[in-house]
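Okay, structure first, notes after.
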Amino acid sequence: MSWLREVFGVSKPVVGMVHLPALPGSPLYDAARGMEGILERARQDLHALQAGGVDAVMFCNENDRPYTLRADPATVAAMAAVVGQLRAEIRVPFGIDILWDPIAALAVAHATGAQFVREVFTGVYASDMGLWSPSAGEALRYRRAIGAEGVRVLFNINAEFAAPMGSRPLAEAARSVAFSSLPDGICVSGPMTSMPVRAEDLRAVKEVVGSLPVFINTGARHDNIVDLLPHADGVIVGSSLKVDGITWNPVDPERVRSFMAIVRRLRGE
1 MSWLREVFGV SKPVVGMVHL PALPGSPLYD AARGMEGILE RARQDLHALQ
51 AGGVDAVMFC NENDRPYTLR ADPATVAAMA AVVGQLRAEI RVPFGIDILW
101 DPIAALAVAH ATGAQFVREV FTGVYASDMG LWSPSAGEAL RYRRAIGAEG
151 VRVLFNINAE FAAPMGSRPL AEAARSVAFS SLPDGICVSG PMTSMPVRAE
201 DLRAVKEVVG SLPVFINTGA RHDNIVDLLP HADGVIVGSS LKVDGITWNP
251 VDPERVRSFM AIVRRLRGE
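Put into C-alpha cells, the structure is as follows:
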C-alpha cells in the first residue's frame, strides 16, 4: 500500500495550507494582537479547510518575511505552541513547514505529532535569502537522532524565491535526489508562492522517480487543477483557497468546497 493512502486515506490527497500570521521576532509580527491573534487566525483557517473537505493540512510560518535559512528559537516555540493548542481540533493528518529550516520543522513535527514535513532539503541556490545550501544528510540524521522516523519528508526540489547554482535539468536532479537522499515524496514548484508549476515539469519528474509520490507544490487553482493533477500524486494548495485568492487573506470556505468538488471528480469519487 502506498504511504499516501496509509496516511491520508485517499489517492491524490489535497493538503490545505494553514498560513500563520507573522510570529514573534519577525518584522511583521502584530504585537498588539499577540499570540492569541495568531492562534485565532490559525483556528479559523483550520476549521474552514476541514469543513471544506481537504484531506490534510500543513502549518507554515508563511508571513515571517523576509525569510531566513535558520529558524529563530522564538519561531520554533511559537509554531509548537499554536499547533499544540489546536491539536485537539485537528481532524485530518497534518504537517509542518518552517521556512526554510528542515531541522526546526522536524523538531516541531515530532513534538506535535505531525505526520510529515515539507522543506528544501537538497541543492545549492542563489536565493532572496542569500546563498542557500541545505543538507539532507544532516536533516535525516537529526530525524533519526530524535526518534522521528515516522515523520515523512517531502522534498521541494526546485526552491521558491531562488535559482539553482547548477545546470542539471529538473528531472535529472529529481532522479538523483530520489536515489541518494531518501525522500518520502517530491514537491515540484513554480518560481514563488502562488505561481503555478508547469505540467511538463510534473510529467518529467514523475517519469524518472517511479513510485515515489510527486506533489504539485505551488499555484494549484480551480482553473488548472484538471490539467495538473493527472501528472501528480497529490497537491499542496494555499493561496487559491484564500479570500480573493490572496495569500495573506483568510481561507474562503466556499473556495475550499468548490476546489475539493473538482478534485473528487478527478479522483472518481
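According to the UniProt record's numbering, the sequence shown holds residues 1 to 269 in order. Beta carbons are placed, not taken as given, at the ideal position from N, Cα and C, and that holds for glycine.
(request) Please classify residue 270: is it buried, with 16 or more other beta-carbons within 10 angstroms of its beta-carbon, or exposed? (result) An answer regarding residue 270 cannot be provided, because it is not within the stretch 1 to 269 covered by the chain.
(message) Within a Cβ cutoff of 6 Å, which residues of the same chain sit near Ala114, ignoring the five residues on either side of it in sequence?
(response) The answer, listed in chain order, is Phe94, Gly95, Ile96.
(request) Check Val124 in the structure and name its three-state DSSP category. (result) coil
(request) Please go through the same chain and pick out, in chain order, the residues whose beta-carbon is closer than 6 Å to the beta-carbon of Met129, but skip the five residues on each side of it. (result) Cβ neighbours of Met129 within its own chain (closer than 6 Å, five residues either side excluded): Tyr67, Leu69.
(request) Using alpha carbons as the reference points, say which of Gly147, Gly210, Arg198, Phe161 lies closest to Ala174. (result) Gly210
(request) May I ask you to report which of helix, strand or coil DSSP gives Met58? (result) strand
(message) So if DSSP puts Glu119 in a beta bridge, which residue, or which two residues, is it bridged to?
(response) Phe155
(request) Could you pull out every residue in the same chain whose Cβ sits closer than 8 Å to the Cβ of Gly150, ignoring the five residues on either side in sequence? (result) Gln115, listed in sequence order.
(request) Out of Val15, Glu160, Arg168, point me to the one whose CA is closest to Val92's CA. (result) Just measuring C-alpha positions, the residue of Val15, Glu160, Arg168 sitting nearest Val92 is Val15.
(request) Name, in chain order, the residues that DSSP records as bridge partners for His47. (result) Looking at the DSSP assignment, His47 forms no beta bridge with any residue, so it has no partner.
(request) Could you give the DSSP three-state label for His19: helix, strand or coil? (result) strand
(message) If the criterion is Cβ atoms closer than 8 Å, does the pair Met192 and Glu160 meet it?
(response) yes
(message) Classify Val226: buried if its beta carbon has 16 or more other beta carbons within 10 angstroms, exposed otherwise.
(response) exposed
(message) According to DSSP, simplified to helix, strand and coil, what is Lys242?
(response) strand
(message) In the DSSP output, which residue or residues are listed as bridge partners for Asp97?
(response) Cys60
(request) With DSSP as the reference, label Leu69 as helix, strand or coil. (result) coil
(request) Note down the Cα distance separating Ala105 from Val117, rounded to an integer number of angstroms. (result) 6 Å
(request) Within its chain, find whatever has a CB closer than 8 Å to the CB of Ile146; leave out the 5 residues flanking it on each side and keep chain order. (result) Leu106, Ala107, His110
(message) Quick check: the Cα distance between Asp233 and Gly185, rounded to an integer number of angstroms?
(response) Straight-line measurement puts the Cα of Gly185 at about 9 Å from the Cα of Asp233.
(request) For Val205, I'd like the list of residues in its chain whose CB is within less than 7 Å of its CB, leaving aside the five on either flank, ordered along the chain. (result) Leu170, Ala171, Ala174, Ile186, Val188, Val214
(message) Please classify Arg65 as buried or exposed, where buried requires at least 16 other C-beta atoms within 10 Å of its C-beta.
(response) exposed
(message) When you compare the region 248 to 268 with the region 46 to 55, are there three or more beta-carbon pairs, one atom per stretch, that lie closer than 8 Å?
(response) yes
(message) Check for me: the beta strand (DSSP E) holding Gly137 runs from which residue to which?
(response) It is not in any beta strand (DSSP E) - Gly137 instead sits in the alpha helix (DSSP H) that spans 136 to 145.
(request) Could you tell me if Ile246 is buried or exposed, where buried requires 16 or more neighbouring beta carbons within 10 angstroms of its beta carbon? (result) exposed
(request) Please classify Gly130: does DSSP put it in a helix, a strand, or coil? (result) In the structure shown, the three-state DSSP call for Gly130 is strand.
(message) My output table needs one value for Ala32: the three-state DSSP class, helix, strand or coil.
(response) In the structure shown, Ala32 sits in coil (DSSP, three-state: anything other than H, G, I, E or B).
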